[in-house]
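With numbering that gives the first Met the number 0, the residue at position 93 of the sequence shown is 92, and numbering never jumps. So the structure is just underneath, and the comments pick up after that.
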Amino acid sequence: MSKPSISTAIPLRRYKFGEFSLTVLGDIESQDERQYRYILAVIQGENPEPGLYVTAERGSGEELAMRVMMGDGDEVIGHSDQWCDLDKFTDESISIVSRVLDLSDETPYQLM
């Protein structure tokens, strides 16, 4: 599975979204070549390993790349300087998770 190689990170927010738990991470140190600003990790039920990640990654310019990582690979889906903001990254990431996992009938509830 394509996933970030996280050494350390600080949980900034947690959500319950249907049967899924979502955690937004910041202050990330990783062992791969990417520089992550934020990562949203999605866990299904009691499974201890996330099955989906949405990341905001620093590139060479001011804009951040948003990447979706799943079991079958990863893809950059856009670039924006707005994703430097935690609220905007979180809102966009939850919207992506809702579409990918077909959770349009569910409402995310913030736990932390």
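Here a beta-carbon is modelled for each residue, glycine too, at the ideal position from N, C-alpha and C.
**Residue from D80, S59, L21 and Q34 with nearest C-alpha to I42** = Counted from its first residue, the sequence shown places residue 42 at position 43. I42 has its Cα closest to that of L21, out of D80, S59, L21 and Q34.
**Prompt:** Could you give the distance in angstroms between the alpha-carbon of T106 and the alpha-carbon of G17?
**Reply:** The residue given as residue 106 occupies position 107 in the sequence shown. The residue given as residue 17 occupies position 18 in the sequence shown. Rounded to the nearest angstrom, the two C-alpha atoms are 7 Å apart.
**Asked** Which residue comes first and which comes last in the beta strand (DSSP E) that contains D26?
**Response** The residue labelled residue 26 in the question sits at position 27 within the sequence shown. Run containing D26: F19 to S29, per the beta strand (DSSP E) assignment.
**Asked** Count the other CB atoms within 10 Å of the CB of I9; is the residue buried (16 or more) or exposed (fewer)?
**Response** In the sequence shown, counting from the first residue as 1, residue 9 sits at position 10. Exposed: under 16 other Cβ atoms inside 10 Å.
**Request:** Quick one: using the 10 Å Cβ neighbour count with 16 as the cut-off for buried, is I38 buried or exposed?
**Result:** Within the sequence shown, numbered from 1, the residue matching residue 38 stands at position 39. Answer is buried; the Cβ neighbour count reaches 16.
**Message:** To the nearest angstrom, how far is the alpha carbon of E48 from that of D104?
**Reply:** Reading the sequence shown from its first residue, position 49 is the one you call residue 48. Reading the sequence shown from its first residue, position 105 is the one you call residue 104. Rounded to the nearest angstrom, the two C-alpha atoms are 24 Å apart.
**Message:** Using C-beta distances below 6 Å, list every residue in its chain close to T54, excluding the 5 sequence neighbours before and after it, in chain order.
**Reply:** Along the sequence shown, one-based indexing puts residue 54 at 55. Closer than 6 Å at the Cβ level, and outside the excluded window around T54, lie Y35, I38 and R66.
**Request:** Can you tell me which of I93, L11, D84 and L110 puts its alpha carbon nearest to the alpha carbon of L63?
**Result:** Within the sequence shown, numbered from 1, the residue matching residue 63 stands at position 64. Comparing Cα positions, the closest option is D84.
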